[in-house]
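**Student:**
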Amino acid sequence: MNLAECLSNADIATLRSIADTYELTCSRHSKLALMQELLYLFRSKKFLRDELKRWKEGNPEGFLRLGLETRGLYSAEELTGMFRRSSSDGRPGVDDGVIRGFIFPTTRESGRLQYCLPKEIHEVMQEETVQVFYAVMEQSDSGPLTYQEADYALQRDLDLFLQYLSRHDVQLTTGGSMYKRHLERILQIFEVSETPLEGGWRFGYGRRFYDYPDRFALIYDYAYANHLIEEGRDGLLRTTDRAEEWQMQTQAARQKSLVQFYISSYRRPIPRLPQIVRMMLLAPQNRWLASDSFLDTCGELVCEYYYDTRESVWRLRILNMLCYLGIIRLGEDENQKLWFQTTKLGQQLLTKGAVAAASESQPDPRRVVIVQPNFEIFAASAEPAIIAEIAALSELKQGGPLQVYRLTRDSVIHALGVGKSVTKWLQYMQSCSQTPIPGNVERTLMEWESQFHDTSGTATDTMSS
Numbered sequence: 001m002n003l004a005e006c007l008s009n010a011d012i013a014t015l016r017s018i019a020d021t022y023e024l025t026c027s028r029h030s031k032l033a034l035m036q037e038l039l040y041l042f043r044s045k046k047f048l049r050d051e052l053k054r055w056k057e058g059n060p061e062g063f064l065r066l067g068l069e070t071r072g073l074y075s076a077e078e079l080t081g082m083f084r085r086s087s088s089d090g091r092p093g094v095d096d097g098v099i100r101g102f103i104f105p106t107t108r109e110s111g112r113l114q115y116c117l118p119k120e121i122h123e124v125m126q127e128e129t130v131q132v133f134y135a136v137m138e139q140s141d142s143g144p145l146t147y148q149e150a151d152y153a154l155q156r157d158l159d160l161f162l163q164y165l166s167r168h169d170v171q172l173t174t175g176g177s178m179y180k181r182h183l184e185r186i187l188q189i190f191e192v193s194e195t196p197l198e199g200g201w202r203f204g205y206g207r208r209f210y211d212y213p214d215r216f217a218l219i220y221d222y223a224y225a226n227h228l229i230e231e232g233r234d235g236l237l238r239t240t241d242r243a244e245e246w247q248m249q250t251q252a253a254r255q256k257s258l259v260q261f262y263i264s265s266y267r268r269p270i271p272r273l274p275q276i277v278r279m280m281l282l283a284p285q286n287r288w289l290a291s292d293s294f295l296d297t298c299g300e301l302v303c304e305y306y307y308d309t310r311e312s313v314w315r316l317r318i319l320n321m322l323c324y325l326g327i328i329r330l331g332e333d334e335n336q337k338l339w340f341q342t343t344k345l346g347q348q349l350l351t352k353g354a355v356a357a358a359s360e361s362q363p364d365p366r367r368v369v370i371v372q373p374n375f376e377i378f379a380a381s382a383e384p385a386i387i388a389e390i391a392a393l394s395e396l397k398q399g400g401p402l403q404v405y406r407l408t409r410d411s412v413i414h415a416l417g418v419g420k421s422v423t424k425w426l427q428y429m430q431s432c433s434q435t436p437i438p439g440n441v442e443r444t445l446m447e448w449e450s451q452f453h454d455t456s457g458t459a460t461d462t463m464s465s
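Each step along the sequence shown adds one to the number in the UniProt record's numbering, with nothing skipped, and position 347 is 347.
1) If you run the structure through DSSP and keep just helix, strand and coil, what is Ser75?
2) Can you list, in chain order, the residues of its chain with a C-beta nearer than 7 Å to that of Asp151? Leave out the 5 residues immediately preceding and following it.
3) Taking contact to mean 3 or more Cβ pairs, one atom from each stretch, closer than 8 Å, check whether the region 113-123 and the region 288-303 are in contact.
4) Helix, strand or coil, according to DSSP, for residue 467 in the structure here?
5) For the alpha helix (DSSP H) that Glu128 lies in, which residues bound it at each end?
6) Contact check, Leu79 vs Val94 under 8 Å by CB: the rounded distance?
7) Taking the CB atoms as reference points, tell me whether Phe375 and Met279 lie closer together than 8 Å.
8) Using only the alpha-carbon positions, how far apart do Ser44 and Asp50 sit?
9) In the DSSP assignment, the alpha helix (DSSP H) including Trp339 goes from what residue to what residue?
10) Determine whether the beta carbon atoms of Ile387 and Phe378 lie at a separation below 8 Å.
11) Do Arg272 and Leu301 have their C-beta atoms within less than 8 Å of each other?
12) Where do the ends of the beta strand (DSSP E) carrying Val404 lie?
13) Taking only runs that begin and end inside the region 291-340, name each unbroken beta strand (DSSP E) of 3 or more residues, in chain order.
14) Return the CA-CA distance between Tyr307 and Tyr212, expressed in angstroms with no decimal places.
15) Starting from the N-terminal side, write out each stretch of the alpha helix (DSSP H) that is 4 residues or longer and does not extend beyond the region 6-89.
16) Helix, strand or coil for Trp288, going by three-state DSSP, please let me know.
17) Check each candidate in Ile413, Arg28, Glu184 and name the one with the smallest Cα separation from Gly451.
18) Taking only three categories from DSSP, how would you classify Leu393?
19) Assign Ser450 to one of three DSSP states: helix, strand, or coil.
20) State yes or no: is the C-beta of Tyr266 within less than 8 Å of the C-beta of Met321?
21) Between Ile328 and the rest of its own chain, which residues show a CB-CB distance below 8 Å, the 5 nearest in sequence each way excluded?
22) At a cut of 8 Å, does the region 200-217 reach the region 245-264 through at least three beta carbon pairs?
23) Please classify Ala150: does DSSP put it in a helix, a strand, or coil?
24) What are the boundary residues of the beta strand (DSSP E) that Ala380 is part of?
25) Distance, Cα to Cα, Thr14 vs Thr106?
26) For Ser8 and Leu34, I'd like the C-alpha separation in whole angstroms.
27) Three Cβ pairs or more, each shorter than 8 Å: is that satisfied between the region 173-193 and the region 140-158?
28) Rounded to the nearest angstrom, what separates Arg223 and Trp55 at their Cα positions?
29) From which residue to which residue does the alpha helix (DSSP H) around Glu184 run?
30) Have a look at Leu48 and Arg108 and give me their C-alpha separation to the nearest angstrom.
31) Taking its Cβ as the centre, do 16 or more other Cβ atoms sit within 10 Å of residue 494, making it buried, or is it exposed?
32) If you draw a straight line from the alpha carbon of Tyr76 to that of Lys337, how long is it in whole angstroms?
33) Here's the rule: buried if 16 or more other CB atoms are within 10 angstroms of the residue's CB, otherwise exposed. What is Asp296?
34) In the DSSP assignment, find the unbroken alpha helix (DSSP H) run with Tyr222 in it and report its ends.
35) Are the Cβ atoms of Thr173 and Tyr164 separated by less than 8 Å?
See the structure below:
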């Protein structure tokens, strides 16, 4: 929505408060006069830049996040969350933006309170954000002599994975992961090599992140989420009819879909991932950027995540994955300094809205649960209804602000005995979980449910006879 539309939709009280802020001399009783005066005032780019800088001074975090967004409408909760760093509840930053005429309250779109950011205001905010961000960035015209560039390798390796499944009987373990011999064969035929995991604690970045190395875990989770593969009840991993449909799509469509899936999946543990990727898109053309300088400038856009340090999140979860997806090229110079540059493919994919499409669904504030591969459930300050649902299938292990529950066979069988459904429970947990339910947990729970119904059916048949 542009500024004229926002002013037209605003009530006269809002327009009066904006006019009072800038000490305008027009009539306060005529909405038309107020609109005309404000449109004339806001036409000046210099005026907008100066006033936006004043708003930014008390709200740097909210300003940065809003400047890197691609949407025009925000819920009240979402906007106050952006400005919460500036005050305890975020309201002052939002209210300040309203009386300055930068954001406008509205109920026209959905019947509930939302805030509209006019296109003209957003353009200046984005220009200011990018200018300040890259003014302190270490850049170079010439990059490292050698670098990694993956192009479309990820989707080609996904094709190889699907071909392998169509030609081999791939047996799964009881936890639903592939046996090592099959995994090693698959990884050996890929363009980009990886080795099977040697242990270590991993969770948070995908359904099978616990079982497979980073790149293959993304390939596997994408294939599973898009129903290209299925984990059969008979213990076999196989392709579906949709795999053929996938192989008929264009390269561009497939790559865009992979990028969207990555951003949607990884934004749970890395909430600001869409903004980080967008900042890369807005980088000066054909410039190499120093990795450590970019990370320093990002500030709190990049944070640690449980066992991952801030540097690990940046290097392994963002840079490496974007390189795998063909978005950036990555390399070290003769001093082992890491540099990256957005590729032409990356510019094409991100300009066509892959980031915006993956960012449309905003993080749900109810996502306060983490289901871990060891069958433990962390619930931080969860609502009573969520706690009750967790407790229905699990046992309390630790109380306090961070409650810990554990899923056991006995606890699940007991829940099934009183009419609970594992399928419905998993669906509910997925809706309030920060990360995907680990595949081994999902498969084991479904297996316990199947065994329970088989046993119940046998007992019923015995009693009948």
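Here a beta-carbon is modelled for each residue, glycine too, at the ideal position from N, C-alpha and C.
Here the structure is a predicted model, which means the values were calculated and not measured.
**Tutor:** According to the structure data:
1) As a first step, residue 75 is located in the sequence shown; it is residue number 75 there, counting from the start. The three-state secondary structure of Ser75, taken from DSSP, is strand.
2) Within the sequence shown, residue 151 is the residue found at index 151, counting from 1. Gly326, Leu345.
3) Judged by Cβ distances under 8 Å, the region 113-123 makes no contact with the region 288-303, as fewer than three pairs qualify.
4) The requested residue 467 does not occur in the structure, where the chain is confined to residues 1 to 465.
5) Residue mapping note: residue 128 aligns to position 128 of the sequence shown, counting from 1. That run of the alpha helix (DSSP H) goes 119-135.
6) Working through the sequence shown from its first residue, we reach residue 79 at position 79. Working through the sequence shown from its first residue, we reach residue 94 at position 94. Beta-carbon to beta-carbon, Leu79 and Val94 are separated by about 5 Å, close enough to satisfy the 8 Å threshold.
7) Within the sequence shown, the letter at position 375 stands for residue 375. Within the sequence shown, the letter at position 279 stands for residue 279. No, they are not a contact pair.
8) Here residue 44 is taken as the residue at index 44 of the sequence shown, counted from 1. Here residue 50 is taken as the residue at index 50 of the sequence shown, counted from 1. Straight-line Cα distance between these residues: approximately 10 Å.
9) For this step, residue 339 is matched to residue 339 along the sequence shown. Element bounds for Trp339: not the alpha helix (DSSP H) but the beta strand (DSSP E), 338-342.
10) Looking up residue 387 in the sequence shown gives position 387. Looking up residue 378 in the sequence shown gives position 378. No Cβ-Cβ contact shorter than 8 Å links Ile387 with Phe378.
11) Sequence index remark: in the sequence shown, residue 272 carries index 272 (1-based). Sequence index remark: in the sequence shown, residue 301 carries index 301 (1-based). It is a contact, given that the beta carbons lie within the stated cut-off.
12) Counting from one through the sequence shown, the residue named residue 404 turns up at place 404. Note, Val404: beta strand (DSSP E), 402-406.
13) Listed in chain order, they are 328-332.
14) The residue given as residue 307 occupies position 307 in the sequence shown. The residue given as residue 212 occupies position 212 in the sequence shown. Roughly 17 Å between the two C-alpha positions.
15) Taken in chain order, the complete alpha helix (DSSP H) segments of 4 or more residues contained in the region 6-89 are 12-21, 31-42, 45-58, 60-67, 76-82.
16) Taking the sequence shown and counting its residues from 1, one reaches residue 288 at position 288. Assigned with DSSP and collapsed to three states, Trp288 falls in strand.
17) Locating residue 451 in the sequence shown gives position 451, where the first residue counts as 1. It should be pointed out that residue 451 corresponds to Gln in this sequence rather than to Gly. Nearest C-alpha to Gln451: Ile413.
18) Stepping through the sequence shown from its first residue, residue 393 is reached at position 393. DSSP, read as helix, strand or coil, puts Leu393 in helix.
19) Locating residue 450 in the sequence shown gives position 450, where the first residue counts as 1. Shown here, Ser450 sits in a helix according to DSSP, grouped into three states.
20) For the purposes of this step, residue 266 is identified with residue 266 of the sequence shown, where counting begins at 1. For the purposes of this step, residue 321 is identified with residue 321 of the sequence shown, where counting begins at 1. Cβ atoms of Tyr266 and Met321: closer than 8 Å.
21) Residue numbering aside, residue 328 sits at position 328 when the sequence shown is read from its first letter. Cβ within range, chain order: Met280, Leu319, Leu322, Phe340, Gln341, Thr342, Thr343, Gly346.
22) Cβ pair count under 8 Å is below three, so no.
23) For the purposes of this step, residue 150 is taken as the residue at position 150 of the sequence shown. Three-state DSSP puts Ala150 in coil, outside helix and strand.
24) What you label residue 380 is simply residue 380 of the sequence shown in a count that begins at 1. The continuous beta strand (DSSP E) containing Ala380 extends over residues 376-380.
25) Your numbering for residue 14 matches position 14 in the sequence shown. Your numbering for residue 106 matches position 106 in the sequence shown. Pairing Thr14 with Thr106, the inter-Cα distance amounts to about 11 Å.
26) Your numbering for residue 8 matches position 8 in the sequence shown. Your numbering for residue 34 matches position 34 in the sequence shown. Looking at the two C-alpha atoms, the distance is approximately 10 Å.
27) Because the criterion of three Cβ pairs below 8 Å is met, the region 173-193 and the region 140-158 touch.
28) Position 223 of the sequence shown holds residue 223. Position 55 of the sequence shown holds residue 55. The amino acid at residue 223 is misidentified as Arg; the sequence shows Ala. Ala223 and Trp55: Cα-Cα distance of roughly 45 Å.
29) Your numbering for residue 184 matches position 184 in the sequence shown. First-last of the alpha helix (DSSP H) with Glu184: 180-189.
30) The sequence position of residue 48 within the sequence shown is 48, counting from 1. The sequence position of residue 108 within the sequence shown is 108, counting from 1. Answer to the nearest angstrom: the Cα atoms are 26 Å apart.
31) Given a span of 1 to 465 for the chain in the structure shown, any question on residue 494 remains unanswerable.
32) Locating residue 76 in the sequence shown gives position 76, counting from the first residue. Locating residue 337 in the sequence shown gives position 337, counting from the first residue. Residue 76 is actually Ala in this sequence, not Tyr. Distance between the alpha carbons of Ala76 and Lys337 is about 43 Å.
33) As a working note, residue 296 is residue 296 in the sequence shown. Asp296 comes out exposed.
34) As a working mapping, residue 222 is identified with position 222 in the sequence shown. Here the alpha helix (DSSP H) through Tyr222 covers 214-225.
35) On the sequence shown, residue 173 is found 173 positions in, with the first residue counted as 1. On the sequence shown, residue 164 is found 164 positions in, with the first residue counted as 1. No, they are not a contact pair.
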